[in-house]
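Number of protein chains: 2
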Amino acid sequence: MAESWSFLDTFEPNFRPLVVIELAKGTKEETIDWFTKRIVDKKANGGAQLLVKPLVTENGNENIYLVGASHLRLLLGAETVGLVKECNDNSMRTFTYSSRKTFKDFADDNHNFLTMAEGQYIIKHELENLRAKDEKMIPGYPQAKLYPGKSIVRRLLTSGILVQIFPLHDREELKKLRHSWYGQIKVGYQPLDEIRCYFGETVALYFGFLEYFTFALIPMAVIGIPYYVFAWEDYDKYVMFATFNLLWSTVILEVWKRICSIMTYRWGTLLMKRQFEEPRPGFHGVLGINPVTGREEPLYSSIKRQIRIYLVSLPFVCLCLYFSLYVMMIYFDLEQWALDYHEENESNFSSLMLFVPSIIYAVVIEIMNRIYRYAAEFLTSWENHRLESSYQNHLVLKVLVFNFLNCFASLFYIAFVLFDMKLLRQSLATLLITSQILNQFAESLLPYWLQKRHKKRMKKRMCSLKTDVDLSLVEQINLEKEMGTYFGTFDDYLELFLQFGYVSLFSCVYPLAAVFAVLNNITEIYSDALKMCRVYKRPFAEPTANIGVWQLAFETMSVISVVTNCILIGMSPQVNALFPDSKMDLILTVALVEHLLLAIKFIMAFVIPDKPRDIQIKLAKLEFESLEALKQQVRATDMYNSEK
Amino acid sequence: MAESWSFLDTFEPNFRPLVVIELAKGTKEETIDWFTKRIVDKKANGGAQLLVKPLVTENGNENIYLVGASHLRLLLGAETVGLVKECNDNSMRTFTYSSRKTFKDFADDNHNFLTMAEGQYIIKHELENLRAKDEKMIPGYPQAKLYPGKSIVRRLLTSGILVQIFPLHDREELKKLRHSWYGQIKVGYQPLDEIRCYFGETVALYFGFLEYFTFALIPMAVIGIPYYVFAWEDYDKYVMFATFNLLWSTVILEVWKRICSIMTYRWGTLLMKRQFEEPRPGFHGVLGINPVTGREEPLYSSIKRQIRIYLVSLPFVCLCLYFSLYVMMIYFDLEQWALDYHEENESNFSSLMLFVPSIIYAVVIEIMNRIYRYAAEFLTSWENHRLESSYQNHLVLKVLVFNFLNCFASLFYIAFVLFDMKLLRQSLATLLITSQILNQFAESLLPYWLQKRHKKRMKKRMCSLKTDVDLSLVEQINLEKEMGTYFGTFDDYLELFLQFGYVSLFSCVYPLAAVFAVLNNITEIYSDALKMCRVYKRPFAEPTANIGVWQLAFETMSVISVVTNCILIGMSPQVNALFPDSKMDLILTVALVEHLLLAIKFIMAFVIPDKPRDIQIKLAKLEFESLEALKQQVRATDMYNSEK
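Chains as they are written, first to last, in UniProt numbering: chain A, 1 to 644; chain B, 1 to 644.
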C-alpha cells in the first residue's frame with residue numbers, strides 16, 4: 001500500500017464538495033494555513049491527503065471550507081474504515097483496493113461505486129484521525145495543547161476554533177428520496193435501502209425498526225378493538241388478550257433480530273470489524289502511558305470515576321426519582337381536588353376539569369423528562385468516560401430509569417395501591433395521547449416551522465426567488481449551516497420504548513392502547529422523515545449492525561409487562577371470584593401462570609435463532625475463508641521473511 | 001513454514017512414546033502398512049510426519065503401536081493447534097515457531113517446554129487431521145469408504161479397525177501428582193496447575209470448580225448449622241437465611257467466572273482462537289458440497305434432523321418424564337403404606353420401615369437416571385448432528401431436564417401439593433444422602449476395586465513382583481489399555497448440579513443440606529482424584545476456556561430456587577399469620593419480594609464484571625496488538641505482491 005499513496009494527486013479538476021468545515025470567526029491566519037496544510041498533506045507526512053477549498057461568499061468572510069477527495073483517495077479510505085461491499089458473486093466482502101475489480105458495479109470511472117454518504121463518512125473518519133506529530137499546541141493558540149497522537153480536529157472542536165463539521169446535502173438525491181419516502185400518498189414500505197444510502201445505517205435501521213414495530217402492533221390493535229367496541233369485560237377474554245400480547249411481544253422482538261441481520265447483512269455492516277475505540281472528544285486527564293496501547297495519552301483513574309458515579313450521580317438520580325414520585329403525589333392531590341370540585345358543581349365545566357390534572361401531569365412529565373435529560377448528559381460527561389460506548393451506556397441507563405419511573409409510576413400507583421382500574425384506564429389513555437401529541441409537535445412540527453421561517457427570511461435577504469433546487473452552493477451552505485443538528489436516534493428510540501410500555505404494561509386493562517400506538521407510528525414515520533429531510537442538517541452516516549442497547553431495553557420491558565399483567569389479572573374481581581375459598585390456590589395459580597409465561601418467553605428467545613439460516617451459512621462461509629486465508633498469509637509472510 | 005518441514009527427520013534416536021494406538025486383532029497387513037506410512041509420511045505428501053513404533057510383546061501380537069514425535073515436530077504442531085504460552089515479558093501469546101525464542105523457558109534442547117499432555121494433544125490433533133487424498137477406501141477394507149478430506153482415523157474408528165487411541169501415563173509424574181494432590185493429609189488447595197499440566201484444562205477446570213464450589217458452600221453450611229442445632233423456627237430467621245442463600249448463589253456464580261478467567265488466562269486457553277469445527281466422527285449423510293467450506297463431504301438435511309428431534313426425541317423425552325412422574329406416584333403410595341404399617345405396629349422395625357420407601361426411591365432414581373442417560377445418548381447420536389458442540393448441547397439439554405424432574409419432582413410435589421414441610425425435610429435429607437453415597441460408590445470405589453483386582457490378576461499372570469513404578473513399558477501398556485475410559489466431565493458436573501439443586505431449591509426448609517454438600521464435596525475431591533489417577537486411562541488433554549453450558553445450568557437453577565424459596569416462605573404459617581386479614585397483601589408482598597430478589601440477581605450479574613480488570617487490560621492489549629499487526633501485515637503482503 002505504502003507506495004499506492006503516491007498515485008494520488010491533490011489536484012483534481014472536478015472537485016466535488018462533500019463535507020463543510022466552519023471555523024470560528026476571526027480564526028488566526030496561521031492556524032488556518034496549518035490546518036488546511038495538514039488536511040491536504042500526503043499520508044506519508046501525516047496528512048489526510050484530502051482536498052480543501054475555501055468557500056468564497058460575497059461578503060468575503062472566509063471561515064467556511066469545503067472538503068472533498070479524489071475518487072482514488074476515497075477508495076483507499078474505504079479500505080481503511082473497513083467498508084463491506086457486494087462482490088460480483090453476490091457475497092459481501094471487506095473492500096480492499098487491490099481486490100477492487102471483484103466488486104459489483106466497480107469501474108475505475110464509476111464515481112458512484114461509493115455513495116455520497118459513504119464518502120462523507122470516510123472523510124469524517126480521516127479528519128478525526130488527523131493526529132498531532134510533534135506539535136505541542138495548535139499554532140496561534142498556545143492554550144490549545146497537543147501531544148503526539150492527539151486528534152487535531154477534536155482539539156480544535158474542544159477549544160472552540162472549529163465550530164462544526166457537517167456533510168452537505170445532495171439536493172437532487174434528497175428530492176428523489178423525499179418523493180419516494182413521503183412525497184406520494186401510497187400504501188407500502190419505506191425505501192429503506194435509499195434511506196440507508198442517503199443517511200447511513202443507524203438512521204435507516206431506526207426507520208426500519210419503526211416500520212417493523214408498527215406492523216407488529218397491528219395484530220394487537222386488531223384484537224384490541226372488539227374489546228373496546230363490545231365492552232367485553234369477561235375474565236377469560238382479558239386473560240387471552242394479555243397472554244397473546246405477552247407472547248407476541250417476545251416473538252416480535254426475536255423476529256426483529258432476524259430481520260435486522262438480513263438488512264445489515266445486505267448493507268454490509270453485519271460483517272464490519274469493530275475498530276479499536278479511541279478516547280471520546282470530551283475525555284480529559286493527566287498525560288500518561290496507556291497500559292493497553294503503550295501510547296502517551298490522557299489517563300483518568302477508574303476509582304475517581306467510580307466515586308463520581310456512585311457518590312454523586314447515583315444519589316442525584318435517586319433524588320430525581322424521589323422528586324418525580326413527589327410530583328406524582330401532587331398530581332393525585334389535584335386529581336382528588338378535581339373530583340371533589342366536580343361532585344360539588346356537576347357542570348359541563350367541572351366534568352372537563354376532570355381531565356385537566358391528567359393533562360397537566362402529562363405536560364409536566366414531558367418537561368421533567370427533558371430537563372432531566374440535560375442533567376443526565378451533564379453528569380455523564382462529568383463522569384469523564386474514556387470511551388464513547390461507555391458514555392452512551394451510562395447515559396442510556398440514567399435516562400431510561402428516570403423516564404420509566406416518571407411515565408409509569410402514577411400508573412403503577414393507581415393499579416397496585418389504589419386498585420382503581422377505571423382510573424387506570426383513563427390515566428393511561430390521557431398520558432398516552434397527550435405525550436404522543438406533545439412529542440409530534442415538539443419533535444418535528446415546531447422545528448419545521450422555525451426552519452421554514454428562517455429560510456424565508458434568508459431568501460428575502462438574498463433577494464433571490466429561485467426554487468429550492470437551483471440554490472447556489474453558497475446559499476445552500478448558508479442555509480444548511482444554520483439548521484439544527486440531529487443528535488442521533490436516542491430520543492426517537494426512547495419515544496418508541498415508552499410507547500411500548502404504555503401498550504404492553506397494562507395491556508389487559510386498556511387494549512385500545514395498541515390502536516393509538518399504530519396510528520401515532522404511522523404519522524411518526526412521516527414526521528420523522530420530514531424532520532430528517534427538511535429540519536436538520538444532514539447527519540454523518542454511522543455504520544451499525546443492530547439497534548444495540550435498545551434491544552435489551554425492549555426485552556426488559558416485555559419481561560416487566562408479564563409481571564404487571566399477571567398481577568392485574570390476579571387482582572381482578574372475576575379471577576378472585578373463581579377462587580372463593582382458598583386465596584392460597586389463587587396465589588399459586590397466578591404465580592404459576594406468570595412463571596410459566598416467563599419460562600415460555602425465555603425458551604422462545606432461546607429457540608428462535610437470532611439469524612436466519614442462510615445468513616448463518618454466509619457468515620460461516622466468510623469465517624471459514626478468513627481462517628483459511630490467515631493460514632495462507634502466515635505461510636506467505638514466513639516465505640517472504642525466509643527469502644530475505 | 002513450507003520448507004521448515006524439511007528440517008524434520010523421521011528418525012530420532014531417543015524415541016519417546018506418547019500415544020498408544022490399538023488396532024483390532026487380525027487387521028490386514030496392507031492396512032497397517034498403509035496407515036503407518038501415512039502417519040510417518042512427510043507433511044508435503046499429506047502425512048502427519050510423526051514417529052511410529054510397533055510394541056513388541058512376548059506373545060508376538062503386533063496390534064499395538066506407539067506414536068511419538070520429534071521435539072521440532074511437536075513445536076510446529078503447537079503452532080498448528082494454536083497453543084498459547086507465556087512469553088519472557090510475562091504476557092501470554094500464541095506460540096509460533098518463528099517467534100519461539102521470545103517464549104519463557106524455551107531452549108532448543110529443553111524438551112520440557114511443551115508438557116507431555118500438550119504433546120499428546122498435538123499428536124491427537126495431527127492424527128485426527130490425517131485426511132484421505134485420492135483413496136476411495138481403506139486398503140484391505142473395501143466397505144470402509146473414503147473421500148478426499150475424510151479423516152482417516154475417524155473412518156478407521158467407525159469401521160472398527162482401530163480399537164482405541166489413548167495417551168500414555170507418565171508414571172513418575174503421576175506419582176508426584178498423586179502425592180501432592182491426595183497423597184498427604186494436609187489442609188490446602190489442590191495443585192491445579194499440576195493437574196492441568198498432567199490432565200489438561202478441562203479436567204483441571206472441573207477440579208477447580210469443585211474446590212471453589214466447596215469453599216463457596218461453607219458460609220451457607222456455617223449459617224445453616226445453628227438453625228439445626230437450636231431448631232430455630234422463626235419466620236424472620238428463615239427469610240434471612242433464604243435471602244442470604246439466594247444472593248450468595250448469584251455472587252458465587254459471578255465470582256467463579258472471574259476466577260475461571262484468571263486461571264484460563266494463566267493456562268493460555270482464554271486466548272486460544274476457536275478452530276473451525278469439523279463434522280463429528282459419527283456424522284453420516286449423502287456426499288455433497290458443503291455450502292460453507294465448498295468441500296465435498298456428507299450432508300444431512302436440517303429438516304430431517306428437525307423432524308427426528310421434534311417428532312421422536314421430544315415425545316420420547318416427554319414419555320420418560322411422564323414415566324418418572326408415574327414412578328413418583330408409586331413412591332408416594334409406598335410411603336403411605338409404610339406410614340400405615342408403622343401406625344399399626346409401632347415397633348422399631350416399623351419405624352425403620354419409614355425410611356425404606358425413600359431409600360428405594362433414591363436408588364430407583366439413580367438407576368432411571370443412568371438408563372435414561374444411555375437412551376439420551378442413543379437418541380442424540382441418532383439425530384445425526386453435524387458438529388460435536390451441537391450434539392453435546394442436545395444431549396445436555398435432554399439429560400438435564402430428565403434428571404431435574406426425576407430428582408426434584410417428588411420434592412416439588414411434597415412442597416406445593418401436599419404442603420408437608422416435615423416430609424419435605426425428611427425426603428430431601430434421604431434423597432441427598434442416599435444419592436451422595438451411591439454416587440461415591442458407583443463412580444470411584446467400585447471401578448477402583450475392579451481395577452485393583454484386574455491389576456493383581458495381570459501381575460500374577462506376568463509372574464513379576466516388581467513395584468508399580470518399575471513396570472516395563474509393555475506391562476504398563478497392557479495394564480492401561482484395559483483400564484476404563486474417562487468419558488469427560490459431564491457426569492461429574494451433573495452430580496454437582498443436582499447437589500446444588502438440593503442445597504438451594506429448598507434451602508429455607510432444610511439449611512443442613514449445605515453441610516452435607518460440603519462434607520460430600522471434600523470426599524468427592526479425593527475420590528475423583530483417585531478415579532483420575534488410578535481407575536481410568538489417561539484422558540487426552542482438552543483445552544477449554546470455561547465450564548461452558550454448566551454456567552448457564554447453575555444460573556438457571558439459582559433463578560428457579562428464588563421462586564421456590566419465595567413460595568415456600570409465602571406458604572409458611574408464620575408468614576400467613578402476619579397477614580391475618582388480607583390475603584391480597586400477602587400475594588403482593590411475596591410477589592414483590594420475589595421479583596425484587598430476581599431483579600437484584602440480574603443487576604448483580606450485570607454489574608459484576610465477568611473478568612477482573614487486569615485480565616481485561618491484558619486482553620485489550622492483545623487485541624490492540626493484533627489489530628496493529630494486521631495493518632502491518634496487509635501492508636507487508638501488498639509490498640511483497642508489488643515487488644513481484
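Think of the CB as a built atom: it goes at the ideal place given N, C-alpha and C, for glycine as much as any other residue.
Examine chain B for any beta-carbon lying closer than 8 angstroms to the beta-carbon of F11/A, and answer yes or no. As a position in the first sequence, residue 11/A is number 11, starting the count at 1. Here the model assigns F11/A a pLDDT of 47, short of 50, so the residue's position is not dependable, and the following value carries that caveat. No, because no Cβ of chain B sits closer than 8 angstroms to the Cβ of F11/A.
Strictly under 8 angstroms for the Cβ-Cβ distance: is K621/B near chain A by that measure? Locating residue 621/B in the second sequence gives position 621, counting from the first residue. Cβ-Cβ to chain A under 8 angstroms: yes for K621/B.
Compare the C-beta of V153/A against all C-beta atoms of chain B and say whether one is closer than 8 angstroms. Here residue 153/A refers to the residue found at position 153 when the first sequence is read from its first residue. V153/A does not count as touching chain B.
Taking 8 angstroms as the cut-off, does the segment 148–163 of chain B touch the segment 171–178 of chain B (at least 3 CB pairs, one atom from each stretch)? no
Along chain A, in chain order, which residues have C-beta atoms closer than 7 angstroms to that of F412/B? In the second sequence, residue 412/B corresponds to position 412, counting from 1. The contacting residues do not exist; F412/B stays about 12 angstroms from chain A at best.
Compare the C-alpha of F408/B against each of H394/B, L428/B, Q551/B, S390/B and name the closest. Position 408 of the second sequence, counted from the start, is the residue given in the question as residue 408/B. F408/B has its Cα closest to that of L428/B, out of H394/B, L428/B, Q551/B, S390/B.
Which chain A residues sit within Cβ distance under 7 angstroms of F624/B? In the second sequence, residue 624/B corresponds to position 624, counting from 1. Under the 7 angstroms cutoff, chain A gives F276, V292, T293.
Per DSSP, which residues does P54/A bridge with? Please list them. Sequence index remark: in the first sequence, residue 54/A carries index 54 (1-based). In the DSSP output, where bridge partners are listed per residue, P54/A has Y65/A.
Nearest candidate by alpha-carbon position, reference M240/B, set S626/B, F606/B, V593/B: Along the second sequence, one-based indexing puts residue 240/B at 240. Minimum Cα distance to M240/B is reached at V593/B.
How many whole angstroms separate the CB atoms of L423/A and I414/A, which I take to be in contact at a CB cut-off of 8 angstroms? Taking the first sequence and counting its residues from 1, one reaches residue 423/A at position 423. Taking the first sequence and counting its residues from 1, one reaches residue 414/A at position 414. Indeed they touch by this definition, with Cβ atoms about 5 angstroms apart.
Between the CA atoms of L210/A and L432/B - distance to the nearest angstrom: One-based indexing of the second sequence puts residue 432/B at position 432. One-based indexing of the first sequence puts residue 210/A at position 210. Taking the straight line from one Cα to the other gives about 53 angstroms.
Does any residue of chain A have a CB that is nearer than 8 angstroms to the CB of A591/B? On the second sequence, residue 591/B is found 591 positions in, with the first residue counted as 1. For A591/B, the answer is yes, since a Cβ of chain A falls inside 8 angstroms of its Cβ.
Cα-Cα separation, R295/A to D614/B: Counting from one through the first sequence, the residue named residue 295/A turns up at place 295. Counting from one through the second sequence, the residue named residue 614/B turns up at place 614. So the two alpha carbons sit approximately 18 angstroms from each other.
Can you name the residues that DSSP bridges to I165/A? Numbered from its first residue, the first sequence carries residue 165/A at position 165. The partner list for I165/A (beta bridge, DSSP) reads I21/A.
Any 3 or more C-beta pairs closer than 8 angstroms across the segment 329–348 of chain A and the segment 367–384 of chain A: no
Local Cβ density within 10 Å of S301/B, reported as buried at 16 or more and exposed below that: Numbered from 1 along the second sequence, position 301 holds the residue referred to as residue 301/B. Flag for S301/B reads exposed.
What residues from chain A crowd round I587/B, counting only those whose CB sits closer than 9 angstroms? Here residue 587/B is taken as the residue at index 587 of the second sequence, counted from 1. The contacting residues are I567, G570, M571, K583, L586, I587, V590, A591.
Quick one: grab the DSSP three-state call for S151/A. On the first sequence, position 151 is the one that residue 151/A refers to. In this structure, S151/A counts as strand in the three-state DSSP scheme.
Is the beta carbon of V19/B closer than 8 angstroms to that of I165/B? Taking the first residue of the second sequence as position 1, residue 165/B is located at position 165. Taking the first residue of the second sequence as position 1, residue 19/B is located at position 19. Yes, the pair counts as a contact, with Cβ atoms nearer than the cut-off.
Rounded Cβ spacing between N245/A and S504/A (contact assumed at less than 8 angstroms): To locate residue 245/A, count along the first sequence from 1; it is residue 245. To locate residue 504/A, count along the first sequence from 1; it is residue 504. Yes, N245/A and S504/A are in contact; Cβ-Cβ is about 6 angstroms, under 8 angstroms.
Runs of alpha helix (DSSP H) lying entirely within the segment 217–286 of chain B, each at least 4 residues, in chain order: 235–267
Using a Cβ cut-off of 8 angstroms (strictly closer), state whether L627/B contacts chain A. Stepping through the second sequence from its first residue, residue 627/B is reached at position 627. With 8 angstroms as the cut-off, L627/B counts as an interface residue toward chain A.
Could you tell me which uninterrupted alpha helix (DSSP H) segments, each at least 4 residues in length, are contained entirely in the segment 410–465 of chain A, listed from first to last along the chain? 421–440, 446–462
At the level of alpha carbons, what is the spacing between I600/B and G140/A? Residue 600/B sits at position 600 when you count from the first residue of the second sequence. Residue 140/A sits at position 140 when you count from the first residue of the first sequence. Rounded to whole angstroms, I600/B to G140/A spans 55 angstroms at the Cα level.
At least one CB of chain A closer than 8 angstroms to the CB of F416/B: is that the case? As a working mapping, residue 416/B is identified with position 416 in the second sequence. Yes, F416/B counts as interfacial toward chain A.
Can you grab the Cα-Cα spacing for the pair V590/A / T202/B, in whole Å? Position 590 of the first sequence, counted from the first residue, corresponds to residue 590/A. Position 202 of the second sequence, counted from the first residue, corresponds to residue 202/B. Going by the C-alpha atoms only, they are around 43 angstroms apart.
Residues of chain B with CB closer than 7 angstroms to the CB of I161/A, please, in chain order. For the purposes of this step, residue 161/A is taken as residue 161 along the first sequence, with counting starting at 1. Those within 7 angstroms of I161/A in chain B number zero; the least Cβ separation is about 31 angstroms.
Going by the CB atoms, is the gap between H169/A and R538/A shorter than 8 angstroms? As a working note, residue 538/A is residue 538 in the first sequence. As a working note, residue 169/A is residue 169 in the first sequence. In contact: R538/A and H169/A (Cβ atoms closer than 8 angstroms).
For E29/A and F35/A, what's the separation of their Cα atoms in angstroms? Here residue 29/A corresponds to residue number 29 of the first sequence, with the count starting at 1. Here residue 35/A corresponds to residue number 35 of the first sequence, with the count starting at 1. The straight-line gap from Cα to Cα measures roughly 10 angstroms.
Should V417/A be labelled buried (16 or more other beta-carbon atoms within 10 Å of its own) or exposed? Numbered from its first residue, the first sequence carries residue 417/A at position 417. Exposed.
Stretch-stretch touch, CB-based, cutoff 8 angstroms, three pairs: the segment 124–139 of chain B with the segment 38–49 of chain B: yes
Got a sec: is the Cβ-Cβ distance from E480/A to anything in chain B below 8 angstroms? Translated into the one-based positions of the first sequence, residue 480/A becomes position 480. Closer than 8 angstroms: no.
Beta-carbon within less than 6 angstroms of T264/B's beta-carbon, same chain only, minus the 5 sequence neighbours each way: which residues are those? Taking the first residue of the second sequence as position 1, residue 264/B is located at position 264. Taken in chain order, the residues that qualify are L270, A545.
Classify P279/A as buried or exposed, calling it buried when 16 or more other Cβ atoms lie within 10 Å of its own Cβ. Here residue 279/A is taken as the residue at index 279 of the first sequence, counted from 1. Answer is buried; the Cβ neighbour count reaches 16.
Could you work out which residue in E475/B, F490/B, L325/B is closest to M483/B when comparing CA atoms only? Mapped onto the second sequence, residue 483/B falls at position 483. When each option's Cα is compared against that of M483/B, the closest is E475/B.
Under a Cβ-count criterion, where at least 16 other Cβ atoms within 10 Å of its own Cβ denotes burial, should A24/A be classed as buried or exposed? Stepping through the first sequence from its first residue, residue 24/A is reached at position 24. A24/A is exposed by the Cβ-count criterion.
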